[in-house]
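Q:
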Amino acid sequence: QAYGWGVRIYNSNNNETTLTDITFKNSEIADVAHTGFKVTSNSNRDLSVRRWGGIYNINFNNNYLHDIGGPGIQFSGVNDSYVGYNRVHRTGSDSDLRKWSRGSGMWPWASRDLLIEHNEFTDAQGPADSAGFHIDFHCTNVVVQYNLSKNNAGGFIEILGNNENNSYRYNVSINDGSRQKGVNGASHDGKILWLSGYVGKDNPQIAPKNNYIYNNTIYVKDDQLAQFAVHNETDGLVVANNLFMIEGDSKHIDQAKYHLVNGVNPTQDIMVKNNLFLKASNWPSTLLAKSTEAVIGDPLFSNKGGFLITDYVPTNKELVANKGIDIINIFDD
5 QAYGWGVRIY NSNNNETTLT DITFKNSEIA DVAHTGFKVT SNSNRDLSVR RWGGIYNINF
65 NNNYLHDIGG PGIQFSGVND SYVGYNRVHR TGSDSDLRKW SRGSGMWPWA SRDLLIEHNE
125 FTDAQGPADS AGFHIDFHCT NVVVQYNLSK NNAGGFIEIL GNNENNSYRY NVSINDGSRQ
185 KGVNGASHDG KILWLSGYVG KDNPQIAPKN NYIYNNTIYV KDDQLAQFAV HNETDGLVVA
245 NNLFMIEGDS KHIDQAKYHL VNGVNPTQDI MVKNNLFLKA SNWPSTLLAK STEAVIGDPL
305 FSNKGGFLIT DYVPTNKELV ANKGIDIINI FDD
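Take the sequence shown: its letters are residues 5 to 337, numbered as in this note's numbering.
#1: Hey, how far is the Cα of R91 from the Cα of L23?
#2: Among residues of its own chain, excluding the 5 on either side of K255, which ones have a beta-carbon nearer than 8 Å to its beta-carbon?
#3: Specify the secondary structure class of I210 as computed by DSSP and reduced to three states.
#4: Any idea if G328 is buried or exposed, counting beta-carbon neighbours within 10 angstroms, 16 or more meaning buried?
#5: Helix, strand or coil for Y86, going by three-state DSSP, please let me know.
#6: Do the stretch 121-133 and the stretch 290-308 meet, that is, are 3 or more Cβ pairs less than 8 Å apart?
#7: Take every Cβ of the stretch 34-47, pair it with every Cβ of the stretch 63-76, and state whether three or more of those distances are shorter than 8 Å.
#8: Which residues bound the beta strand (DSSP E) around L23?
#9: Could you compute how far the alpha carbon of P112 sits from the alpha carbon of E20?
#10: Below 8 Å on the Cβ atoms is my guess for A190 versus C143; work out the distance and round it to an integer in Å.
#11: Is the distance from the Cβ of L101 to the Cβ of V147 below 7 Å?
#12: Near N167, what residues of its chain come up, given a Cβ to Cβ distance below 6 Å and the 5 sequence neighbours on each side ignored?
#13: Which partner residues does L119 have in the DSSP bridge list?
#14: Can you give me the C-alpha to C-alpha distance between S285 and V317, rounded to a whole angstrom?
#15: Taking C-beta to C-beta, are Q129 and A157 nearer than 7 Å?
#16: Apply the 10 Å Cβ neighbour rule to E322 and answer buried if 16 or more other Cβ atoms are within range, or exposed otherwise.
#17: Looking at the unbroken alpha helix (DSSP H) that takes in K321, where does it start and where does it end?
#18: Looking only at its chain, what residues have a beta carbon closer than 8 Å to the beta carbon of N269, apart from the 5 residues adjacent to it on each side?
#19: Residue ranges of each beta strand (DSSP E) run of no fewer than 3 residues wholly in the stretch 263-308, ordered along the chain?
#20: How many angstroms separate the CA atom of D258 from the CA atom of G81?
#21: What residues in its chain sit with their C-beta under 7 Å from that of Y202, if we drop five residues either side in the sequence?
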């Protein structure tokens, strides 16, 4: 396996030491075999305490990462950190046989209290994962806001198992999730939205809890299938005030491993409300997360099909202006 990094920050002894207050900015990382910027600490995850792991206060700011064989940025066991104003292009690159050929723009694992904002995550590829930004398992308090996510084969929103109290908000997604399982070696379908229960190979699944997806803008061109998957044991989810302009077909991916066993922990506290759809079928009716009070119409983006955030400013103001609902806490958040 080809593991090569641009920059690696590592604390292997976090029971006795901490690694804190590191800033990395204004730099370019390109053409590495695996991860562009990798921060790793063992995680002693305990929801009863505010922190876990042994790395705190990473500031990754205004960097350019491109043509990376694996993920662009990867955090494990990281607390209280910031990733902002970076450009992350062409992760999962296969331009060299030594490259990993799979990777999201960024993913955290077993981390908490992260703010991810004003980044570009574009053109990720690979047979699995390879979203713009995905939240791997065992994370909490990860806020993903004001980012551009474009042409990422794996999709826009991917939240894996045992993730609690995370938010995607105010992002723009353009043509994410084009990957089709079984085509060109793909092992997973790409998805606009995926809530998974995965917490490691052969481990019992733990569905995400109390996550929020609101005020995002999603555009999918007419020749691309938009796919959705929500774990059947999801406990707490808000999807509200989003603009879904899906010009083609939508599909609910119904995986057998998500089915309830003896009715344990059924899907509950789900609110999919006050979202705008180009057509009612944009949100698959077979999802257990049922859409209510939807708005149907065309927001008339200023330059539909463009690749800039400004291209997706709605010009049909009567349809959307001041029409959002308040986002309130899930019952037991």
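By construction, the Cβ of each residue, glycine as well, lies at the ideal position given by its N, Cα and C atoms.
A: In short, the structure shows the following:
#1: As a first step, residue 91 must be located in the sequence shown, where it is residue number 87. As a first step, residue 23 must be located in the sequence shown, where it is residue number 19. Going by the C-alpha atoms only, they are around 26 Å apart.
#2: Taking the sequence shown and counting its residues from 1, one reaches residue 255 at position 251. Cβ within range, chain order: L229, A230, Q231, F232 and P288.
#3: Here residue 210 is taken as the residue at index 206 of the sequence shown, counted from 1. Note: I210 maps to coil in three-state DSSP.
#4: Working through the sequence shown from its first residue, we reach residue 328 at position 324. Under this definition G328 is an exposed residue.
#5: For the purposes of this step, residue 86 is taken as the residue at position 82 of the sequence shown. Three-state DSSP puts Y86 in a strand.
#6: no
#7: yes
#8: Working through the sequence shown from its first residue, we reach residue 23 at position 19. L23 to K29 is the extent of the beta strand (DSSP E) around L23.
#9: Here the question's residue 112 lines up with position 108 in the sequence shown. Here the question's residue 20 lines up with position 16 in the sequence shown. Taking the straight line from one Cα to the other gives about 23 Å.
#10: In the sequence shown, counting from the first residue as 1, residue 190 sits at position 186. In the sequence shown, counting from the first residue as 1, residue 143 sits at position 139. That pair is no contact at about 25 Å.
#11: Residue 101 sits at position 97 when you count from the first residue of the sequence shown. Residue 147 sits at position 143 when you count from the first residue of the sequence shown. Not closer than 7 Å, so no.
#12: One-based indexing of the sequence shown puts residue 167 at position 163. The residues are I139, C143 and P212.
#13: Locating residue 119 in the sequence shown gives position 115, where the first residue counts as 1. For L119, which the question treats as bridged, DSSP gives the partners Y86 and V147.
#14: Mapped onto the sequence shown, residue 285 falls at position 281. Mapped onto the sequence shown, residue 317 falls at position 313. Spanning the two alpha carbons is a distance of roughly 23 Å.
#15: Counting from one through the sequence shown, the residue named residue 129 turns up at place 125. Counting from one through the sequence shown, the residue named residue 157 turns up at place 153. Result yes, Cβ atoms of Q129 and A157 sit closer than 7 Å.
#16: Stepping through the sequence shown from its first residue, residue 322 is reached at position 318. When all chains shown are included, E322 counts as exposed.
#17: The residue given as residue 321 occupies position 317 in the sequence shown. DSSP places K321 inside the alpha helix (DSSP H), whose first and last residues are K321 to V324.
#18: As a working note, residue 269 is residue 265 in the sequence shown. For N269, the predicted model reports a pLDDT of 49, less than 50, meaning its position is unreliable and no value from the coordinates is stated.
#19: 272-277
#20: Position 254 of the sequence shown holds residue 258. Position 77 of the sequence shown holds residue 81. The straight-line gap from Cα to Cα measures roughly 32 Å.
#21: By one-based count along the sequence shown, residue 202 stands at place 198. Around Y202: F141, L164, G165 and Q209.
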